[in-house]
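Numbered per the working numbering, the sequence shown spans residues 21 to 308.
A short worksheet on the structure shown next.
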Amino acid sequence: MAGETILVVEDEGISAIEIQESLESLGYHVPSTAKTGNEAIQIAFDIKPDLVLMDITLKGEMDGIDAAIIIKSFIDVPLIYLTALDDTETFNRMIETNASAYLIKPIEEAELRNNVQLALKNHQTRQKELDDEKKAGLKDVQIFMRSVLPELVGNMHIPERSVFLSRFMRLFEQNMKPLFFQYIKDNSQEPYDQLNDEEKMRLYLSWISHLYENLGFKVLTRVKVNNGMMTVKKCSWSPGRPNDVFLCLICQGIMRLTYSWTKLPGRVKEEPTTGVLQSVCKFDYDMG
């Protein structure tokens, strides 16, 4: 495992050069080093490193721990502290940032190599586990919607369908809402609350269209000022149940429910032909 990009934050010039040379000799990429917390934050956002080596004692208004807290709030990256300090207060602050390790100066090259490799490997394993969990959660709902749902609702009496729709929406929200907010976190460099309405709409339409495409639908989306639109050109349910409007009600319920998660103003509007299993269904997200 080598070739990963590492950000080195160290305000002592000679130490920074030595660490950079050691890492590069091991095959890692160190495009630049930072001397202050503010500089570390800016570079981290620019290069999106695979790992951060952070000195705790830095010049300026913030120390390495303060800078690490900000970086890890936006970027899921493993972190190793470099420090000459060995006191309880500093150690407790480091723990709060979920650091992978901390190294006491002066640092031996073998110690640096082993801890970097371990931090990268553990992070890679953790990312795979999270991806597997997300795929499993998505797959469970997809299988339920794609195979079980059309057949199940087709055999229900009307009163039973009302109860089923309510239960289905609760199941859908339980499984999909965490995936929606994880998608937002993974695809935005700023906190969701700081995005403008148009950026929120773009992220939402990207997520919901991805969900429907994975279910076999053909989807187009568009964002304009104060408005978003989603067009479904190929309904994967209609060939099997061409006259079952209840399936359309489920789709409409999903659109309204997921849009409510965005906290955007306005509401979802369906075009008049939407809801009778037409070849094209259109949903307008009116933020006006």
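From the three backbone atoms N, C-alpha and C, an ideal C-beta is built for every residue, glycine too.
Model, not experiment: these values are computed from the prediction.
Straight-line Cα distance separating residue j from residue i
i: Thr241; j: Asp96; result: 29 Å
i: Trp281; j: Lys197; result: 8 Å
i: Phe266; j: Asn207; result: 34 Å
i: Ile91; j: Lys68; result: 10 Å
i: Glu219; j: Gly248; result: 11 Å
i: Glu44; j: Leu199; result: 37 Å
i: Arg133; j: Glu32; result: 20 Å
i: Phe291; j: Phe65; result: Here the sequence assigns Glu to residue 291, which means Phe is not the residue at that position. Going by the C-alpha atoms only, they are around 42 Å apart.
i: Thr110; j: Asn135; result: 20 Å
i: Ser42; j: Leu102; result: 14 Å
i: Pro279; j: Ile89; result: One point to set straight first is that residue 279 is Tyr, not Pro, in the sequence displayed. One C-alpha to the other measures close to 31 Å.
i: Phe237; j: Leu123; result: 52 Å
i: Ile37; j: Val252; result: 56 Å
i: Lys125; j: Arg113; result: 18 Å
i: Glu129; j: Arg146; result: 26 Å
i: Ser35; j: Gln144; result: 28 Å
i: Tyr212; j: Gln202; result: 11 Å
i: Glu233; j: Val239; result: 6 Å
i: Gln137; j: Asn58; result: 27 Å
i: Thr108; j: Asn142; result: 25 Å
i: Gly313; j: Asn216; result: The question about residue 313 has no answer, for the chain in this structure spans 21 to 308.
i: Glu180; j: Val300; result: 28 Å
i: Ile39; j: Ala121; result: 16 Å
i: Val72; j: Glu149; result: 21 Å
i: Ser182; j: Phe303; result: 23 Å
Residue i: first and last residue of the uninterrupted alpha helix (DSSP H) it sits in
i: Ile34; result: 33-45
i: Lys220; result: 217-234
i: Ile67; result: 57-67
Range covered by the beta strand (DSSP E) that runs through residue i
i: Phe111; result: Segment 108-116 is the alpha helix (DSSP H) holding Phe111; no beta strand (DSSP E) there.
i: Ile91; result: That residue, Ile91, is in no beta strand (DSSP E); its alpha helix (DSSP H) goes 84-94.
i: Tyr314; result: No answer is possible for residue 314: the residues shown for the chain start at 21 and end at 308.
i: Cys255; result: First-last for Cys255: undefined, no H or E at that position.
i: Ile100; result: 99-103
i: Met74; result: 71-75
i: Glu290; result: 287-290
i: Leu284; result: Per DSSP, Leu284 belongs to no beta strand (DSSP E) and is neither H nor E.
i: Tyr305; result: 301-306
i: Thr241; result: 238-244
i: Tyr48; result: Neither: Tyr48 is in no beta strand (DSSP E) and is coded neither H nor E.
i: Ile124; result: 121-124
i: Leu78; result: Here Leu78 belongs to no beta strand (DSSP E), and DSSP marks it neither H nor E.
i: Ile26; result: 26-29
Residue i vs residue j beta-carbon contact at 8 Å
i: Met221; j: Leu284; result: yes
i: Val29; j: Met74; result: yes
i: Asp346; j: Ile26; result: Residue 346 lies beyond the stretch modelled for the chain, which goes from 21 to 308, so this question has no answer here.
i: Val245; j: Leu225; result: no
i: Phe192; j: Leu277; result: yes
i: Leu223; j: Ile204; result: yes
i: Gly273; j: Leu140; result: no
i: Ile85; j: Ile76; result: yes
i: Gly47; j: Gly23; result: yes
Nearest-angstrom Cβ-Cβ length linking residue i and residue j, presumed shorter than 8 Å
i: Ala60; j: Ala104; result: 18 Å between Cβ atoms; not a contact.
i: Val288; j: Met307; result: Incorrect: roughly 11 Å between the Cβ atoms, too far for contact.
i: Ile228; j: Met250; result: 7 Å
task = Would you be able to state if there are at least three C-beta pairs under 8 Å between the region 45-59 and the region 93-111?
result = Not touching, per the Cβ criterion.
key: the region 108-119 / the region 54-69 touching (three or more Cβ pairs under 8 Å)   = Three or more beta-carbon pairs separated by less than 8 Å are not found between the region 108-119 and the region 54-69, which leaves the two stretches without contact.
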